[in-house]
Structures are given as C-alpha cells and as structure tokens.
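Just so you know, the sequences run in chain order Y and H. In terms of numbering that gives the first Met the number 0, the first sequence opens at residue 0 and continues consecutively. In terms of numbering that gives the first Met the number 0, the second sequence opens at residue 0 and continues consecutively. Every residue, glycine too, gets a C-beta built ideally from N, C-alpha and C. Given the structure is predicted, the values throughout are model-derived calculations rather than measurements. A short worksheet on the structure shown next.
There are 2 protein chains.
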Amino acid sequence: MKVLILGGDGYLGWPTTMHFANEGHDVYAIDNLSKRKIESEYGVEPLNIIKPFNERVKAWNLNQKNKIKHYVSDLLNYKVLCEILEEFTPEVIIHYAEQPSAPYSMASREKAVFTQYNNVIGNLNLLFAMKKLCPEAHLIKLGTMGEYGTPNIDIEEGWLNIEHNGRKDKVLYPKKPGSFYHLSKVHDSANIEFACRIWGLRCTDLNQGFVYGISTKEIDLDYENLATSFHYDSIFGTVINRFISQVASNIDMSVYGKGTQKRAFLNLIDTINCVKIAANNEPKKGEFRVFNQFTEFSSLNEIFSSVSKTAFCIDKEPHSIKTPPSLIVFTTSFFCFIKISWT
Amino acid sequence: MKVLILGGDGYLGWPTTMHFANEGHDVYAIDNLSKRKIESEYGVEPLNIIKPFNERVKAWNLNQKNKIKHYVSDLLNYKVLCEILEEFTPEVIIHYAEQPSAPYSMASREKAVFTQYNNVIGNLNLLFAMKKLCPEAHLIKLGTMGEYGTPNIDIEEGWLNIEHNGRKDKVLYPKKPGSFYHLSKVHDSANIEFACRIWGLRCTDLNQGFVYGISTKEIDLDYENLATSFHYDSIFGTVINRFISQVASNIDMSVYGKGTQKRAFLNLIDTINCVKIAANNEPKKGEFRVFNQFTEFSSLNEIFSSVSKTAFCIDKEPHSIKTPPSLIVFTTSFFCFIKISWT
Numbered sequence: 000m001k002v003l004i005l006g007g008d009g010y011l012g013w014p015t016t017m018h019f020a021n022e023g024h025d026v027y028a029i030d031n032l033s034k035r036k037i038e039s040e041y042g043v044e045p046l047n048i049i050k051p052f053n054e055r056v057k058a059w060n061l062n063q064k065n066k067i068k069h070y071v072s073d074l075l076n077y078k079v080l081c082e083i084l085e086e087f088t089p090e091v092i093i094h095y096a097e098q099p100s101a102p103y104s105m106a107s108r109e110k111a112v113f114t115q116y117n118n119v120i121g122n123l124n125l126l127f128a129m130k131k132l133c134p135e136a137h138l139i140k141l142g143t144m145g146e147y148g149t150p151n152i153d154i155e156e157g158w159l160n161i162e163h164n165g166r167k168d169k170v171l172y173p174k175k176p177g178s179f180y181h182l183s184k185v186h187d188s189a190n191i192e193f194a195c196r197i198w199g200l201r202c203t204d205l206n207q208g209f210v211y212g213i214s215t216k217e218i219d220l221d222y223e224n225l226a227t228s229f230h231y232d233s234i235f236g237t238v239i240n241r242f243i244s245q246v247a248s249n250i251d252m253s254v255y256g257k258g259t260q261k262r263a264f265l266n267l268i269d270t271i272n273c274v275k276i277a278a279n280n281e282p283k284k285g286e287f288r289v290f291n292q293f294t295e296f297s298s299l300n301e302i303f304s305s306v307s308k309t310a311f312c313i314d315k316e317p318h319s320i321k322t323p324p325s326l327i328v329f330t331t332s333f334f335c336f337i338k339i340s341w342t
Numbered sequence: 000m001k002v003l004i005l006g007g008d009g010y011l012g013w014p015t016t017m018h019f020a021n022e023g024h025d026v027y028a029i030d031n032l033s034k035r036k037i038e039s040e041y042g043v044e045p046l047n048i049i050k051p052f053n054e055r056v057k058a059w060n061l062n063q064k065n066k067i068k069h070y071v072s073d074l075l076n077y078k079v080l081c082e083i084l085e086e087f088t089p090e091v092i093i094h095y096a097e098q099p100s101a102p103y104s105m106a107s108r109e110k111a112v113f114t115q116y117n118n119v120i121g122n123l124n125l126l127f128a129m130k131k132l133c134p135e136a137h138l139i140k141l142g143t144m145g146e147y148g149t150p151n152i153d154i155e156e157g158w159l160n161i162e163h164n165g166r167k168d169k170v171l172y173p174k175k176p177g178s179f180y181h182l183s184k185v186h187d188s189a190n191i192e193f194a195c196r197i198w199g200l201r202c203t204d205l206n207q208g209f210v211y212g213i214s215t216k217e218i219d220l221d222y223e224n225l226a227t228s229f230h231y232d233s234i235f236g237t238v239i240n241r242f243i244s245q246v247a248s249n250i251d252m253s254v255y256g257k258g259t260q261k262r263a264f265l266n267l268i269d270t271i272n273c274v275k276i277a278a279n280n281e282p283k284k285g286e287f288r289v290f291n292q293f294t295e296f297s298s299l300n301e302i303f304s305s306v307s308k309t310a311f312c313i314d315k316e317p318h319s320i321k322t323p324p325s326l327i328v329f330t331t332s333f334f335c336f337i338k339i340s341w342t
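Structure, rendered in structure tokens:
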C-alpha cells in the first residue's frame with residue numbers, strides 16, 4: 000500500500016511512519032517542522048533527545064530493509080503538495096499535519112490565528128489536491144475526543160440518529176470544543192464531510208483520546224536514533240506525562256480544577272493499531288466515517304492516584320529504575336503498571 | 000447608541016449604516032472593498048450604478064443631519080481594528096464583513112481558501128479585539144439559513160433540545176452547509192459560541208434567508224447617490240434577482256434542479272428591522288443567541304411562477320413601468336406584487 004503520512008516528524012507521525020514501513024508498505028512522510036519551531040519559540044523541548052527529521056529517516060534507512068521517503072514541506076504550499084500527490088499517487092493519506100496544542104492555541108490571538116489558519120487552510124488545500132489528483136485515495140484524519148466537549152448525552156461516533164418533533168434524521172454529532180485548537184479540528188471535520196458529500200472523497204475521521212507512551216516495536220529497534228518525543232511542558236505535555244514528571248522530580252502533582260473531569264486515554268501502540276485497522280478497511284466512496292479511539296476512561300484524580308501509587312511502589316523498589324535516561328524507563332514501567340491495573 | 004458596522008459598503012451593510020444614522024445613532028462603517036475587487040476580477044457589476052464607498056458617505060453627510068464616519072480597512076488588519084475599537088468604543092458591532100458568495104467560494108481552491116481565510120480569521124480577530132477592548136459590546140453577526148442545509152427534522156434557532164438514550168442536553172443545532180462559504184459561517188458561529196462561553200462576550204447570530212429588494216426609506220431619499228446594489232450575475236445575484244432580470248430581458252428563466260427545493264426569503268427592509276430589534280434587545284453577558292430571520296418560504300418553482308405572473312401583468316399594463324432605470328422600478332413593483340400575493 001502506498002501511504003503518505005502528513006506530519007511524519009511528530010509524536011504520532013514518526014512512529015506511524017516507521018510502523019507502516021516496517022510492515023512493508025511504500026511510505027512517504029512529509030512535515031513542515033512547525034512543532035520544532037514552536038518548541039524553539041517557547042524554549043521547551045522533549046525530555047528525551049529527538050534526532051532531526053532527516054537524521055532519524057537516515058538512521059532508519061541505514062538499518063532497515065524497507066526505506067522511508069521524506070520531504071520537508073507544508074500543506075499551505077499547494078504547489079508542492081500537488082507535486083507530491085502526482086509523483087507518489089498515495090492510496091492512503093494519514094493526516095497528522097496540524098498544530099497539535101490546545102494551550103498554544105489559547106495563548107494569544109496570534110497563536111489562535113496561526114492554529115486555525117495552519118490547520119483549516121492546510122486541510123482545505125489537501126481536500127482540493129486529493130479531488131484533483133487522487134480522488135480514490137483514503138484520507139485518515141486525526142481528530143480528538145476533545146472536539147465533543149463534555150455533553151450530558153452519550154457521545155456517539157461522529158454521527159447521531161435523532162428524532163425531533165416526530166421526524167428523524169442522521170446528523171453530524173453536535174460538538175462543543177474547548178479551545179481554538181479543538182475548534183480547528185471541528186472546522187476540519189465539517190470541511191471534510193462536505194468534500195465527501197459533494198466530491199465523493201472517502202475519509203475516516205479518528206477522534207482520539209490523550210495518547211501516552213513512547214515505546215513501539217520500531218522505536219525499540221534503536222531508541223537513541225528513532226525515539227519519539229516525551230513532552231512534559233505546558234504546551235505539548237499531556238496530563239499523564241506531566242504527572243509522571245512531577246512524581247519523578249519529587250514535586251507536587253498539579254491537578255487543575257476538581258480533578259473529577261473524566262478523559263479518554265490510549266497508548267501510542269493503540270493509536271497506530273487504530274490507524275492501521277482504518278487503513279486496511281477503507282470507507283465507501285463518498286463516505287465520511289468517524290471512529291472514537293481510546294482504551295481507558297478515567298478522571299484526573301484517578302490518574303493522579305495511579306501515578307502516586309506507582310511512584311510509591313518504585314520508591315520501595317528503586318532497582319526497577321534504570322539510567323540513562325531514568326525517567327524514560329520509569330515512564331515505560333509506569334505504563335506497564337497502568338495497563339495491568341486498568342485491565 | 001454607538002454602532003460599528005463591519006462591511007458597511009455592502010448590499011446589506013450600506014442600507015443598515017444609513018438606517019442607524021437616520022435613527023440618530025452614532026455610526027461608524029468600515030469595509031475592505033473586497034466585494035468591489037471580486038466584481039472587477041469577474042467583470043461583473045450591479046445592474047444599477049453604485050457610487051464608491053467614500054462618495055456615498057459624502058452624499059449622505061452633505062444632506063443629512065446625522066453624519067456617518069467611515070474608513071477603509073480589513074478585519075485581517077488587527078492593529079487597525081484595535082485602533083478603531085479603542086477610538087470609537089462601540090456598544091453594538093454589526094458584522095457583515097465577509098466574502099458573501101457561495102458560488103465564488105466553490106469556483107476554485109484559491110477562492111475557497113480566500114473565503115474561509117477572510118471570513119474565519121477576520122471574525123477571529125474581531126473576537127480577540129472585542130475581548131481586549133470592548134468585552135461588553137453586543138456582536139450582531141450575520142449568518143445564513145443555508146448553514147442548516149436541508150435536514151429532515153425541523154430547523155430550530157441555533158440550539159436544539161435533545162434527548163438521547165434517556166439523557167437530555169441543549170446542543171448547537173447540527174448543520175449541513177452546502178458550500179465553502181456556508182461552511183465558513185458555520186466555523187464562525189462555532190468560534191463565536193466558544194468566545195461567549197469562555198470570555199463572556201454577548202452575541203446575536205442572525206441566520207438569514209435570501210434577501211431581496213433595493214428600496215429603503217434612506218435609499219429613497221436620494222436613489223442616485225445612495226442606492227444599494229442589484230446583482231443578477233452568477234456570483235452575487237440571488238435567484239429572485241436573476242429571475243427578474245431574465246423576465247425583463249425576455250430570456251428563458253433558469254431553474255436549477257427540479258425547482259421543488261424550498262428556500263427562505265426576506266426583504267431588505269425586514270433584514271434591517273431584524274438587526275434593529277436585535278440591537279435594541281441585547282443578549283445576556285456570555286449568551287450566544289441565534290435567530291432565524293425570513294418572512295417567506297417558497298420553492299423555486301413558486302418563485303418562478305410568481306415572477307412569470309407578475310411579468311405578464313406588467314406586459315398588459317406597460318404604463319406601470321417607469322424609466323430610468325426601468326428594471327429597477329420594475330423590480331420594486333415586482334416586490335409589491337410579491338408581498339401582496341404572499342401575505
């Protein structure tokens with residue numbers, strides 16, 4: 000299968016790229032490196048050392064049988080996007096290429112505008128390029144569970160069968176996003192649904208929970224060169240990563256609000272598996288298919304408590320912490336505990 | 000009342016500007032003249048002669064007691080927008096400043112991108128500027144009934160009380176827009192609802208039917224200098240205007256599709272009245288209030304038939320047609336007929 004991965008240098012994009020290459024697919028990864036630019040802007044960096052995009056592709060290609068193609072470009076550059084689609088003729092396009100941070104999108108007007116401009120217009124360019132050059136390709140677009148907000152009715156998968164005043168319809172599930180980033184994803188989904196409806200494109204919209212974990216079969220082949228990022232900062236760090244970092248640094252864990260708010264989570268490996276299942280089972284022409292993907296559902300207090308308990312066990316058995324870098328190993332162990340205790 | 004009108008040079012914006020000035024309010028109109036630019040680009044122009052923005056403001060100010068302030072600027076220019084809000088301190092902001100053509104937004108990728116960029120980012124700038132400089136002001140945002148699409152359930156006003164699997168919630172009404180222009184309005188509404196929810200802004204979102212008519216009390220004071228546009232082209236001309244022009248030119252009237260599709264319509268005067276009612280009754284702080292505004296609801300075939308019948312009467316009584324310009328007078332007469340026959 001010819002798989003184009005947009006945002007192939009990201010936390011999810013890079014492990015996905017390697018995984019599809021490892022499974023024997025023809026893989027082409029592109030990225031505009033905007034996340035690395037935002038890291039520089041804020042002076043934040045992942046806890047672990049992440050090689051530059053071209054170096055990690057080189058490291059993979061040096062040792063692995065199935066090579067990865069890559070290119071640094073931007074979905075906002077329509078001309079280059081078209082050249083890539085024309086040359087590569089993808090069958091599946093996995094679209095992670097968006098500004099991924101809700102806090103960043105809320106930090107200022109400039110950042111809200113950048114987020115919606117980059118995400119919405121980039122996605123719009125992609126839809127037009129697909130219509131022109133590969134209308135049969137399957138778009139797999141990454142969204143987030145946060146798009147739904149926290150309604151008082153059951154969250155369904157993108158669509159809702161509704162009865163109102165004695166008549167029925169199937170409508171897009173009404174969303175109530177909580178940041179300009181989440182709104183950008185809602186706008187994207189609306190644009191994509193329209194493109195499927197009028198142009199006959201086919202799309203799977205994957206609304207994910209918070210993804211955690213830094214270990215996959217491919218990363219573990221050569222952690223030093225192939226690692227994906229562990230962010231614990233206030234821009235890209237998600238709640239589990241921040242709790243873990245706080246426990247490991249012996250500082251108080253910060254739970255925002257009452258901590259009773261429940262959120263959906265899944266491991267990085269599960270994200271990749273979900274994407275793979277979607278890729279192997281394409282929707283019909285013209286279908287806008289939505290899946291919600293998560294494996295766990297917990298309140299922040301429950302996460303907090305799990306991290307505390309796990310940290311306590313580790314205090315008693317310090318031999319289970321290895322270096323370097325100790326926190327990374329700790330993190331991996333932590334997720335083993337979490338996975339056991341939650342299953 | 001201090002009223003800022005964004006898009007004050009447009010088909011609706013200009014008559015609204017004059018009306019609020021005529022009612023004694025302190026009125027400031029701004030426009031980026033992008034509609035005139037699109038007219039040049041396509042080589043289309045209104046059937047009637049429309050004076051440049053500054054000339055019609057000059058004509059108004061020369062003869063009328065309550066003067067209009069105006070300025071040529073763009074919502075994409077955040078700095079100037081902030082200067083205007085700071086200087087003028089509006090109590091009501093009426094926001095018409097968007098690329099208004101669905102066919103234009105569908106003509107090419109560039110035009111879809113321009114539409115969503117101009118509308119969504121301009122509106123986002125406005126929200127941030129209001130939050131910073133006039134968080135108590137009342138935003139009246141013009142949307143369209145086309146945002147809802149044609150669902151099989153009753154269309155409500157922006158919100159929907161829903162029961163699903165035994166639980167209840169009030170959600171944003173699920174929309175199914177039919178063009179990238181309509182989508183831009185849906186995105187705008189989602190961004191505004193969020194700004195009301197988290198920043199406590201107050202907004203009235205007015206979803207209008209197709210607006211027709213070129214006569215208001217203020218326009219009729221000096222038609223030559225104060226007219227608003229009558230577009231009959233494929234970019235800005237709506238269905239009623241096109242039917243009228245076709246009848247007047249003695250060419251076949253074109254009904255797209257089966258003609259059974261029903262659409263909502265309202266006269267220009269009713270649009271202004273709706274906006275005025277909204278302005279005089281502001282929503283609560285933090286409220287995102289939605290009204291659907293139209294006075295008639297007809298299928299294209301019914302409109303077609305009304306135009307035919309009316310034209311036939313006029314053929315029999317040619318004395319009722321006055322010049323110059325004959326078509327304009329005909330149009331006004333036509334709407335008298337329509338209003339009578341539909342009430």
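With 9 Å as the C-beta to C-beta threshold (strictly closer), list the residues of the segment 139–153 of chain H near chain Y in chain order. Residues passing the 9 Å Cβ filter: Pro-150, Asn-151, Ile-152 and Asp-153.
Considering just the uninterrupted stretch of the beta strand (DSSP E) at Ala-106 of chain Y, what are its terminal residues? To locate residue 106 of chain Y, count along the first sequence from 1; it is residue 107. It is not in any beta strand (DSSP E) - Ala-106 of chain Y carries neither H nor E in the DSSP assignment.
Comparing C-alpha positions only, which one of Y:Gly-236, Y:Phe-290 and Y:Gln-260 sits nearest to Tyr-41 of chain Y? The residue given as residue 41 of chain Y occupies position 42 in the first sequence. Here the closest residue by C-alpha is Y:Gly-236.
From Ser-297 of chain Y to Glu-286 of chain H, what distance separates their C-alpha atoms? Stepping through the first sequence from its first residue, residue 297 of chain Y is reached at position 298. Stepping through the second sequence from its first residue, residue 286 of chain H is reached at position 287. Rounded to whole angstroms, Ser-297 of chain Y to Glu-286 of chain H spans 31 Å at the Cα level.
Give me the Cα-Cα distance between Ile-243 of chain Y and Thr-227 of chain Y, rounded to the nearest whole angstrom. Walking along the first sequence from the start, residue 243 of chain Y turns up at place 244. Walking along the first sequence from the start, residue 227 of chain Y turns up at place 228. Going from the Cα of Ile-243 of chain Y to the Cα of Thr-227 of chain Y covers about 17 Å.
Run through DSSP, which three-state label would Asn-164 of chain H get? Within the second sequence, the letter at position 165 stands for residue 164 of chain H. Under the three-state reduction of DSSP output, Asn-164 of chain H falls in the coil class, being neither helix nor strand.
Could you check how far apart the C-beta atoms of Ala-136 of chain H and Val-79 of chain H are, in whole angstroms? I think they sit under 8 Å. Taking the second sequence and counting its residues from 1, the one referred to as residue 136 of chain H is at position 137. Taking the second sequence and counting its residues from 1, the one referred to as residue 79 of chain H is at position 80. Actually they do not touch by this definition, with Cβ atoms about 17 Å apart.
For a quick check, are the C-beta atoms of His-415 of chain H and Lys-167 of chain H less than 9 Å apart? Only positions 0 to 342 of chain H appear in the structure, and residue 415 of chain H is not among them; the question remains open.
Closer than 9 Å, CB to CB, is His-137 of chain H near chain Y or not? Looking up residue 137 of chain H in the second sequence gives position 138. Contacts with chain Y at 9 Å (Cβ-Cβ) do not include His-137 of chain H.
With DSSP as the reference, label Asp-232 of chain H as helix, strand or coil. One-based indexing of the second sequence puts residue 232 of chain H at position 233. In the structure shown, Asp-232 of chain H sits in coil (DSSP, three-state: anything other than H, G, I, E or B).
Chain-ordered chain Y contacts of His-94 of chain H [CB-CB under 8 Å]: Indexing the second sequence from 1 puts residue 94 of chain H at position 95. For His-94 of chain H, there are no neighbours in chain Y by C-beta distance under 8 Å, as the nearest C-beta there is about 17 Å away.
Taking DSSP's pairing of strands, which residues face Glu-292 of chain H in a bridge? Start at 1 with the first residue of the second sequence, and residue 292 of chain H comes out as number 293. Here residue 292 of chain H turns out to be Gln, not Glu, going by the sequence shown. Looking at the DSSP output, Gln-292 of chain H shares a beta bridge with H:Gln-207.
Please compile the residues from chain H whose C-beta is within a distance smaller than 7 Å of the C-beta of Leu-123 of chain Y. The count along the first sequence starts at 1 and reaches residue 123 of chain Y at position 124. Those are Ala-111, Val-112 and Gln-115, listed as they occur along chain H.
Here's the rule I'm using: 16 or more other beta-carbon atoms within 10 Å means buried, otherwise exposed. How should Thr-259 of chain Y be labelled? By one-based count along the first sequence, residue 259 of chain Y stands at place 260. Counting C-beta atoms within 10 angstroms of its own C-beta, Thr-259 of chain Y has fewer than 16 neighbours from the protein chains shown and is therefore classed as exposed.
If you scan the segment 108–167 of chain Y from start to end, which runs of the alpha helix (DSSP H) of 4 or more residues do you find wholly inside it? You should have 108–115 and 121–132.
So, are the CB atoms of Ile-29 of chain Y and Gly-9 of chain Y less than 9 Å apart? Locating residue 29 of chain Y in the first sequence gives position 30, counting from the first residue. Locating residue 9 of chain Y in the first sequence gives position 10, counting from the first residue. Taking 9 Å as the cut-off, the beta carbon of Ile-29 of chain Y is found no closer than this to the beta carbon of Gly-9 of chain Y.
So if I threshold CB-CB distances at 9 Å, which residues from the segment 268–280 of chain Y count as touching chain H? Cβ contacts with chain H come from no residue of the segment 268–280 of chain Y.
Note down the Cα distance separating Glu-86 of chain H from Arg-108 of chain Y, rounded to an integer number of angstroms. In the second sequence, the residue the question calls residue 86 of chain H occupies position 87. In the first sequence, the residue the question calls residue 108 of chain Y occupies position 109. If I take the Cα positions, the gap works out to 20 Å.
So if I threshold CB-CB distances at 7 Å, which residues from the segment 185–208 of chain H count as touching chain Y? Of all residues in the segment 185–208 of chain H, only Val-185, His-186, Ala-189, Asn-190 and Phe-193 come within less than 7 Å of chain Y when Cβ atoms are compared, listed by chain position.
In its own chain, which residues sit with a C-beta less than 6 Å from the C-beta of His-69 of chain H, not counting the 5 before and 5 after it? Within the second sequence, residue 69 of chain H is the residue found at index 70, counting from 1. Sequence-distant Cβ neighbours of His-69 of chain H in its own chain, meaning closer than 6 Å and more than five residues away, are Ala-28 and Val-56.
Measure from the C-beta of Tyr-172 of chain Y to each C-beta in chain H and report whether the shortest distance is under 9 Å. By 1-based counting over the first sequence, the position of residue 172 of chain Y is 173. Yes, because at least one Cβ of chain H sits closer than 9 Å to the Cβ of Tyr-172 of chain Y.
Which of helix, strand or coil DSSP assigns to Tyr-41 of chain H: The sequence position of residue 41 of chain H within the second sequence is 42, counting from 1. DSSP places Tyr-41 of chain H within a helical segment (H, G or I) once states are collapsed to three.
Option in Y:Val-289, Y:Val-43, Y:Lys-64 and Y:Asn-117 with minimal Cα separation from Asp-25 of chain Y: In the first sequence, the residue the question calls residue 25 of chain Y occupies position 26. If we check each option's Cα against that of Asp-25 of chain Y, Y:Lys-64 comes out closest.
Considering only C-alpha positions, which residue in the set H:Leu-123, H:Glu-38 and H:Ser-39 is nearest to Tyr-77 of chain H? Looking up residue 77 of chain H in the second sequence gives position 78. Among H:Leu-123, H:Glu-38 and H:Ser-39, the Cα nearest to that of Tyr-77 of chain H is on H:Leu-123.
Under the assumption that Leu-5 of chain H contacts Leu-84 of chain H (Cβ atoms under 8 Å), give the Cβ distance between them as a whole number of angstroms. On the second sequence, position 6 is the one that residue 5 of chain H refers to. On the second sequence, position 85 is the one that residue 84 of chain H refers to. Rounded to the nearest angstrom, the Cβ distance from Leu-5 of chain H to Leu-84 of chain H is 11 Å, too far for a contact under 8 Å.
Taking 9 Å as the cut-off, decide whether the C-beta atoms of Arg-201 of chain H and Lys-284 of chain H are in contact. If you number the second sequence from 1, residue 201 of chain H lands on position 202. If you number the second sequence from 1, residue 284 of chain H lands on position 285. With contacts defined by Cβ atoms closer than 9 Å, Arg-201 of chain H and Lys-284 of chain H form a contacting pair.
Rank H:Phe-19, H:Pro-99, H:Val-289 and H:Met-129 by C-alpha distance to the C-alpha of Asn-206 of chain H and give the top, closest one. For the purposes of this step, residue 206 of chain H is taken as residue 207 along the second sequence, with counting starting at 1. Nearest to Asn-206 of chain H by C-alpha distance, out of H:Phe-19, H:Pro-99, H:Val-289 and H:Met-129, is H:Val-289.
Applying a beta-carbon distance threshold of less than 8 Å, which residues of chain H neighbour Val-119 of chain Y? Residue 119 of chain Y sits at position 120 when you count from the first residue of the first sequence. Correct list: Gln-115, Val-119 and His-186.
Beta-carbon contacts of Gly-191 of chain H that lie in its chain and below 8 Å, excluding the five residues immediately before and after: Taking the first residue of the second sequence as position 1, residue 191 of chain H is located at position 192. It should be pointed out that residue 191 of chain H corresponds to Ile in this sequence rather than to Gly. Within the same chain, and ignoring the five residues on either side of Ile-191 of chain H in sequence, the residues whose Cβ sits closer than 8 Å to its Cβ are Asn-122, Leu-126, Leu-138, Lys-140, Leu-200, Cys-202, Asp-204 and Phe-287.
Report yes or no: is there a C-beta of chain B within less than 9 Å of the C-beta of Phe-179 of chain Y? Going by chain labels, chain B is absent from the structure shown, which instead holds the protein chains Y and H.
Going by the DSSP bridge assignment, what does Leu-265 of chain H pair with across the sheet? Translated into positions along the second sequence, residue 265 of chain H becomes position 266. H:Val-210.
DSSP state of His-24 of chain H mapped onto helix, strand, coil: Your numbering for residue 24 of chain H matches position 25 in the second sequence. In the three-state DSSP reduction, His-24 of chain H falls in the coil class, being neither helix nor strand.
As assigned by DSSP and simplified to three states, the class of Leu-5 of chain Y: Against the first sequence, residue 5 of chain Y aligns to sequence position 6. The three-state secondary structure of Leu-5 of chain Y, taken from DSSP, is strand.
Can the beta-carbon of Ile-152 of chain Y be found closer than 9 Å to that of Asn-164 of chain H? Taking the first sequence and counting its residues from 1, one reaches residue 152 of chain Y at position 153. Taking the second sequence and counting its residues from 1, one reaches residue 164 of chain H at position 165. Yes.
Where Arg-166 of chain Y meets chain H, residues with beta-carbon distance less than 8 Å: Here residue 166 of chain Y corresponds to residue number 167 of the first sequence, with the count starting at 1. Chain H residues near Arg-166 of chain Y: Asn-151, Ile-152 and Asp-153.
Determine the DSSP secondary structure at Val-254 of chain Y, reduced to helix, strand or coil. By one-based count along the first sequence, residue 254 of chain Y stands at place 255. In this structure, Val-254 of chain Y counts as coil in the three-state DSSP scheme.
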